[in-house]
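Visitor: Heads up: the sequence shown begins at 6 in the numbering used here, then just goes up one per residue. After the structure tokens below, expect a handful of questions from me.
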Amino acid sequence: MTRLRLILASLRYHARAHVGTLLGAVVAAAVLTGSLVVGDSVKRTLQNQAEQRLGYVQAAVELHDRFFRDDLAERLNLGDQSAVASVLRLNASGYRRDEYGKPYNRVNNIQLIGIDDAFWRFAYLKANRPPALEEGEALINPRLAEQLGLQAGDEFRLRIAKPSVLPRDAPLSVAEKEITTSFDLTLAKEISPNSELANFSLRPGATAPYNVFVPLSWLQEKAELPERANGLLAWAAQSTPKELTSQANEQLQDVWRLADAELELLENEEDDAIDLRTDRIFLDAQTLKAANAPLTALTY
6 MTRLRLILAS LRYHARAHVG TLLGAVVAAA VLTGSLVVGD SVKRTLQNQA
56 EQRLGYVQAA VELHDRFFRD DLAERLNLGD QSAVASVLRL NASGYRRDEY
106 GKPYNRVNNI QLIGIDDAFW RFAYLKANRP PALEEGEALI NPRLAEQLGL
156 QAGDEFRLRI AKPSVLPRDA PLSVAEKEIT TSFDLTLAKE ISPNSELANF
206 SLRPGATAPY NVFVPLSWLQ EKAELPERAN GLLAWAAQST PKELTSQANE
256 QLQDVWRLAD AELELLENEE DDAIDLRTDR IFLDAQTLKA ANAPLTALTY
């Protein structure tokens, strides 16, 4: 028997085992290929979501219960090809009203974002920027438009809790008759998540947020927060996010003012001292540490 005949005879005799091995290899290859394809698809989906939420944003500051002066963005100089914008982000609930004034299509967990023209420098604009907003006009993202059933020109109503320097349940908190405020808005345009930063958010999430964009100055007036913001966005074409963050932190040490930390210095003629004061209940430990030597009296 020749070697070739021996091989063929062996293949015939062990045909079932060889077929099983071949099918196993085919199935394993299919599973591996499918996993790689799905992995690439998920990776691309997550990348698209990140781009829709952040646009060109490379570094950001987001405060929740504190507010700095909105001109902080103008005080930062990160280079020629760069952008810095202040935003005011508040939580809201929204609804529409029927012809009898009865609410319907109520939506909670809405991001109400006050913006100015500098905000659009972070968007992948493919044409002209969205229209300039008048007082009482808003831009919204597609998810909220679908949920509320809104089209351009339609009206809807938002409600926000009035921001306070003191927690509502704090013993020293002053009771207010109205802790919320409501206002009507007119939809100017439903903006695109791909090119107009409609799904902007600094928080990760599996689904798109409900976003409403309004003029920064108008929202400051409604929220009784004149010239205040709680978010800062930064981008620089020639820097990596790590480099930009380091540069911005260094500059913040030079341009940060007491008013940005909700602090003020007042002359105390009675005690012949300078008082460092805040509207909050207590001065932070970091504030006390930074102010320990130069100041004579610390009050709250």
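By construction, the Cβ of each residue, glycine as well, lies at the ideal position given by its N, Cα and C atoms. The structure displayed is predicted, hence computed values, not measured ones.
Where does L300 sit, in a helix, a strand or coil, going by DSSP?
Guide: Summary for L300: the model assigns pLDDT 48, below 50, so the residue's position carries little reliability; its value from the coordinates is reported in the next sentence. Residue state, collapsed to three classes: coil.
Visitor: Would N110 and Q152 be called neighbours here (beta carbons separated by less than 8 Å)?
Guide: yes
Visitor: What would DSSP say about W261, mapped onto helix, strand or coil?
Guide: coil
Visitor: Which runs of the alpha helix (DSSP H) at least 4 residues long sit entirely within the region 72-100? Give them in chain order.
Guide: 77-80
Visitor: Going by beta carbon distance, what residues of the same chain come within less than 6 Å of Q256, once the five residues before and after it are set aside?
Guide: L81
Visitor: Could you check which residue in E274, Q258 and T292 has the C-alpha nearest to that of L268?
Guide: T292
Visitor: Residues in its own chain within less than 7 Å of T250 by CB, not counting five upstream and five downstream?
Guide: Cβ within range, chain order: A64.
Visitor: The beta strand (DSSP E) spanning P108 covers which residue range?
Guide: P108 to I120
Visitor: Going straight from the alpha carbon of L138 to that of Y105, what length do you get?
Guide: 28 Å
Visitor: Among D159, A157 and R164, which has the Cα closest to the Cα of V113?
Guide: The residue asked about is misnamed: residue 113 is Asn in this sequence, not Val. It is R164.
Visitor: Compare the C-alpha of L77 against each of K294, A234, A14 and F161 and name the closest.
Guide: For L77, the nearest C-alpha among the options comes from A234.
Visitor: What number of angstroms, rounded off, separates the C-alpha of L300 from the C-alpha of D265?
Guide: Any reading at L300 is ruled out, since the residue's pLDDT is 48, under 50, leaving its predicted position unreliable.
Visitor: Report the three-state DSSP secondary structure of Y215 (helix, strand or coil).
Guide: Of the three classes helix, strand and coil, the one that applies to Y215 here is strand, per DSSP.
Visitor: When the Cα atoms are used, what is the spatial distance from S197 to N254?
Guide: 32 Å
Visitor: Just tell me which of E56, L9 and A34 has its CA closest to the CA of P209.
Guide: E56
Visitor: Give me the DSSP bridge partner(s) of I145.
Guide: E195 and V217
Visitor: Compute the Euclidean distance between the alpha carbons of P135 and A203, then round it to the nearest angstrom.
Guide: Spanning the two alpha carbons is a distance of roughly 11 Å.
Visitor: Terminal residues of the continuous beta strand (DSSP E) containing A239?
Guide: G236 to A241
Visitor: Which residues does DSSP list as the beta-bridge partners of F161?
Guide: Per DSSP, L190.
Visitor: If you drop the 5 nearest sequence neighbours on each side, which residues of the same chain put their C-beta closer than 8 Å to that of Y61?
Guide: A88, R126, F127, A128, Y129 and W240
Visitor: How far does the beta strand (DSSP E) with L271 in it reach, from first residue to last?
Guide: L268 to N273
Visitor: Counting only the same chain and skipping the five closest in sequence on each side, list residues whose C-beta sits under 7 Å from that of Q225.
Guide: L93, G119, P231, E232 and R233
Visitor: Which residues in the same chain have their Cβ closer than 8 Å to the Cβ of R10, if we skip the five residues on either side of it in sequence?
Guide: Taken in chain order, the list of residues that qualify is empty.
Visitor: The beta strand (DSSP E) spanning E67 covers which residue range?
Guide: A64 to E67
Visitor: Considering only the alpha carbon of each residue, which of A296, A90, T245 and T212 lies closest to N146?
Guide: T212
Visitor: Chain C beta carbons: is any one of them nearer than 8 Å to that of S222?
Guide: Looking at the structure shown, chain C is missing, and only one protein chain is on hand.
Visitor: Here's the rule: buried if 16 or more other CB atoms are within 10 angstroms of the residue's CB, otherwise exposed. What is I184?
Guide: exposed
Visitor: In whole angstroms, give me the CA-to-CA distance for D218 and G141.
Guide: Residue identity check: residue 218 is Phe in the sequence provided, not Asp. Each residue's Cα considered, the two are about 11 Å apart.
Visitor: Hey, L192 and A143: beta-carbon distance below 8 Å or not?
Guide: yes
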